[in-house]
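Q: If you scroll down you'll find the structure; I have some questions about it.
Protein chains: 2
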Amino acid sequence: MKQTINTENTQSQMRKGVLELCTLSVLAIGEAYPTEIIEQLKSSKMMIVEGTLYPLLTRLKNANYLTYRWEESTSGPPRKYYKLTPEGEALLKELENTWDEMVDAVNKLLKENKNK
Amino acid sequence: MKQTINTENTQSQMRKGVLELCTLSVLAIGEAYPTEIIEQLKSSKMMIVEGTLYPLLTRLKNANYLTYRWEESTSGPPRKYYKLTPEGEALLKELENTWDEMVDAVNKLLKENKNK
DNA sequence: TTTTAGTACTATGTGTTGCATAGTAGTAAA
DNA sequence: TTTACTACTATGCAACACATAGTACTAAAA
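Same order as they appear, the protein sequences are chains S and R.
Just so we're aligned: the first sequence equals residues 17 to 132 in the working numbering.
Just so we're aligned: the second sequence equals residues 17 to 132 in the working numbering.
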């Protein structure tokens, strides 16, 4: 019932679906555990927080796009190192296409309407 | 409890927030009623359906980003012609920036991870 | 006149996702 | 023993895209 439209909320809305693509893209380089993924995304100016990433990884794992292995750490609890399955790599390619198509469509629209 | 991840659903998720930007962008050219907006978006390969657009227009109107006027039609019920308020024009500019930043971030990430 | 088709707007409910918040469990230094 | 730090888990909320069904108006067909 808030009915507020602000840039902050819109950023959050725009992230929907895109974070999945970004996470898969990071894992395409090689396996990583959640904190590493967050760091890599942050360095690309793409924000993601723990409360978003952990459920996302679980979803992708349950759908067989990711697997993980435990590894002991000397500085805290053990870590889950995730990596792409072949299905995950295929999904990544699909999502890249979906992304490119959407970007083209929106940019075409924005450009057209600027030359009014 | 479906736990399915497919391209169709991801497209829908990626649209979140973006449709708001696209709708404002169409209205930046001039006033239009819902069916016109849908047509213009469709011609830019950006899909939106009635069940999405009508609530979206109502949200934007309630937040004072849009106004509308009724106009009689000779081929059916009267139409609501929407147009941007000054606040709506300002919001559009903000959302364009948000969009550009996100596109840059994602594309940077995708490109990096392709040269692995 | 009544029915059918087409157009435009309204109302309601569902599923997915991002995010806030709080909690558990492990290591290591104070 | 306490504190700080790291890593993962669990729960609940809000927003939004979308499906679906319904109302209301005009105009042509039966």
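Here a beta-carbon is modelled for each residue, glycine too, at the ideal position from N, C-alpha and C.
Quick caveat: nothing in here was measured; it's all calculated off a predicted structure.
1. Considering only residues of the same chain and omitting the five flanking positions on each side of LYS77/S, which have a CB-CB separation below 8 Å?
2. From this set, LEU57/R, LEU100/R, ASN129/R, THR90/R, which residue's C-alpha is nearest GLU112/S's C-alpha?
3. For a test of the three-state rule: what should DSSP assign to SER28/R, helix, strand or coil?
4. Let me make sure I understand the geometry here. Which of GLU103/R, ILE45/R, ALA48/R, TYR49/R has the alpha-carbon closest to that of ASN22/S?
5. What is the DSSP secondary structure of LYS61/R, reduced to helix, strand or coil?
6. I want to verify the contact list: residues of chain S whose CB lies under 7 Å from the CB of SER41/R, in sequence order.
7. How close, in whole Å, do the beta carbons of SER60/S and ALA121/R come, if the pair is a contact with beta carbons under 8 Å?
8. Name, going along the chain, the residues of the region 51 to 66 of chain R whose beta-carbon falls closer than 7 Å to a beta-carbon of chain S.
9. Since ASN87/S meets chain R, which of its residues come closer than 9 Å, beta carbon to beta carbon?
10. Would you list the one or two residues that DSSP bridges to LEU84/R?
11. Any idea which residues DSSP pairs ALA48/S with across the strands?
12. Any C-beta of chain S sitting closer than 8 Å to the C-beta of THR83/R?
13. Kindly say whether ARG95/S, judged by its beta-carbon, lies nearer than 8 Å to any beta-carbon of chain R.
14. Mind checking whether LEU108/S and ALA44/S have CB atoms under 8 Å apart?
15. I want to verify the contact list: residues of chain R whose CB lies under 9 Å from the CB of GLY158/S, in sequence order.
16. Return the Cβ separation of GLU87/S and ARG95/S in integer angstroms, given the expectation that the two are a contact with Cβ distance under 8 Å.
17. Over what stretch of residues does the alpha helix (DSSP H) that includes ASN22/S continue unbroken?
18. Within the same chain, show all residues whose beta-carbon is closer than 6 Å to that of PRO50/S, passing over the 5 residues directly before and after it, in chain order.
A: In terms of the structure at hand:
1. THR83, TYR84, TYR98
2. Measuring from the Cα of GLU112/S, the nearest candidate turns out to be ASN129/R.
3. helix
4. When GLU103/R, ILE45/R, ALA48/R, TYR49/R are compared, the shortest CA-CA separation from ASN22/S is found for GLU103/R.
5. Residue state, collapsed to three classes: coil.
6. LEU125, LEU126, ASN129
7. 5 Å
8. SER60, LYS61, MET62
9. Correcting the residue type first, residue 87/S is Glu in the shown sequence and not Asn. Within chain R, no residue comes near GLU87/S; the closest Cβ sits about 21 Å away, beyond 9 Å.
10. Leu is not the amino acid found at residue 84/R; the sequence shown has Tyr there. According to DSSP, which records beta bridges pairwise, TYR84/R is partnered with TYR98/R.
11. For ALA48/S, the pairing in a beta bridge is given by DSSP as TYR98/S.
12. no
13. no
14. yes
15. Because chain S spans 17 through 132 in this model, residue 158/S falls outside it and cannot be assessed.
16. Taking 8 Å as the upper bound for CB-CB distance, GLU87/S and ARG95/S are in contact here, some 5 Å apart.
17. Element bounds for ASN22/S: n/a, residue is neither H nor E.
18. For PRO50/S, the CB contacts under 6 Å within the same chain, skipping 5 residues up- and downstream, are LEU69 in chain order.
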